[in-house]
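Below is one structure, written out as structure tokens; comments come after it.
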Amino acid sequence: MTRPGAVCVVGSLNVDRFIGLARLPEPGETLLGESLGTFPGGKGLNQAVAAARCGAPVRMVGAVGDDADAALLREAMRSAGVDAEHVVTVDAPTGVAHVTLLPGAENSIIVVPGANVALTPDDAVAPLEGAAVVLVQLEVDPGVVRSTLATAARTPGVVTVLNAAPVHADVCAMLDDVDILVVNETEAAALGGVEALAERTTVIHTRGAAGLTVHRRGHARCEVPAVAVDAVDTTGAGDAFCGGLVAGIARGLSLDEAVREGAAAGAIVASHRGAQPDALSREMVRRLRQSPSPAN
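Mind the numbering: the sequence shown is residues 756 to 1051 in the numbering used here, read in order.
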């Protein structure tokens, strides 16, 4: 689909603070939590780490504060082999996500963007040079996303991927610069439905345990079943899918094969605590894909 090369991820970096709860509290009610944890996160960083662990050279573009949380995120990038040269330090707190973990591996998340909103379009221009795949999400200013996609789309041979999360009304105006759009069921419905979106670009429609569907103009739908695992924490599983997907594209895989790489990466993350578990690797993706399962 494209020449083998680097992945450039433009997006958010957050520290995820987890609280385990039996249920969500009612208004005015106090509950005792069952567990507590702090992990590196943010959709952008989750996807960058996943792509690196799935075998792609990755550079991250984003913004953090000058604080202890930023140090945690920079160490996560160093450990995963993500190039952090273009992660800028700004005069604002590093972004934080408060995650409540509920029985059945479900979660609720509140994000305080902090430094992420200080990222500018100019910050994202230079790092795009030489990238084979550019991946963006919507936890940073939509103007940064629009500028990144428009710049990358003008470069021959570059594949642009937009994960439309959290969903934003500006997405439809960006689609002319998007080669691959990744949406879940809620996001697809908010944007007018998969069929309408697929008239403008290639759409990967993720449906959790129901698997996913690839919609391409002029092609039959490609249905990919979910990879069967015992889910522990679904936080970051969708981000791992995106990271595995773009890593596969950057390595020169076909889109159908890259989608299956992403599905395996997402399943590995869902079966561990935290959005960036050490268990995710190119070798583990290979093993999971080779094991007897509906995904093969």
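For every residue, glycine included, the Cβ atom is placed at its ideal position computed from N, Cα and C.
Keep in mind it's a predicted model, so treat the numbers as computed, not measured.
Distance between residue j and residue i (C-alpha atoms, nearest Å)
i	j	result
L883	A964	34 Å
R858	A1025	Reading off the sequence shown, one finds Pro at residue 858, where the question assumed Arg. In a straight line, the C-alpha of P858 is about 14 Å away from that of A1025.
V913	L779	44 Å
A944	G991	21 Å
N1051	T849	Residue confidence is low: N1051 scores 39 on pLDDT, short of 50, so the model does not pin down where it sits. Its coordinate-derived value is still stated next. Taking the straight line joining both Cα atoms gives about 40 Å.
S1009	A1002	11 Å
N918	D824	25 Å
A1013	A806	11 Å
G775	R909	45 Å
G797	L1043	25 Å
T941	G788	29 Å
R976	T785	48 Å
L874	A1020	28 Å
P1049	G783	Below a pLDDT of 50, predicted positions are generally treated as unreliable, and P1049, at 44, falls in that range; the measurement from the model is reported next regardless. Answer to the nearest angstrom: the Cα atoms are 45 Å apart.
A1053	D896	As shown, the chain starts at 756 and ends at 1051. That puts residue 1053 outside it, with no answer to give.
A1022	S1046	13 Å
A920	V891	9 Å
Whether residue i touches residue j by CB criterion (8 Å)
i	j	result
V765	V899	yes
H974	A953	no
D934	T961	no
V804	D838	no
E978	G966	yes
G817	G799	yes
V845	D771	no
Q1031	P868	no
V1040	G999	yes
A886	A761	yes
V930	T915	According to the sequence displayed, residue 930 carries Leu and not Val. Result no, Cβ atoms of L930 and T915 do not sit closer than 8 Å.
R808	R1015	no
Residue from the options whose Cα sits closest to the Cα of residue i
i	options	result
S767	A1022, A870, H1027	A870
V938	V922, D931, M929, A928	V922
E894	E830, I959, G1017, V851	V851
G1007	E830, R976, G810	G810
Residue i: CB within 7 Å of a non-hydrogen atom of the ligand FAD
i	result
V889	No copy of the ligand FAD occurs in the structure displayed, which carries no ligand at all.
Original post:
Whole alpha helix (DSSP H) runs in the segment 932-977 with 4 or more residues, listed along the chain?
Top reply: 940-945, 949-953
Evaluate contact between the segment 878-895 and the segment 839-846, counting only Cβ atoms and requiring at least three cross-stretch pairs below 8 Å.
Taking 8 Å as the limit for Cβ pairs, the verdict is that the segment 839-846 does touch the segment 878-895.
query = Of all the alpha helix (DSSP H) runs that stay within the bounds of the segment 843-880, which reach a length of 4 or more residues?
reply = none
Open item on the list: Runs of 3 residues minimum, wholly inside the segment 768-834: which ones carry the beta strand (DSSP E) assignment?
Closed with: 769-775, 790-796, 813-819
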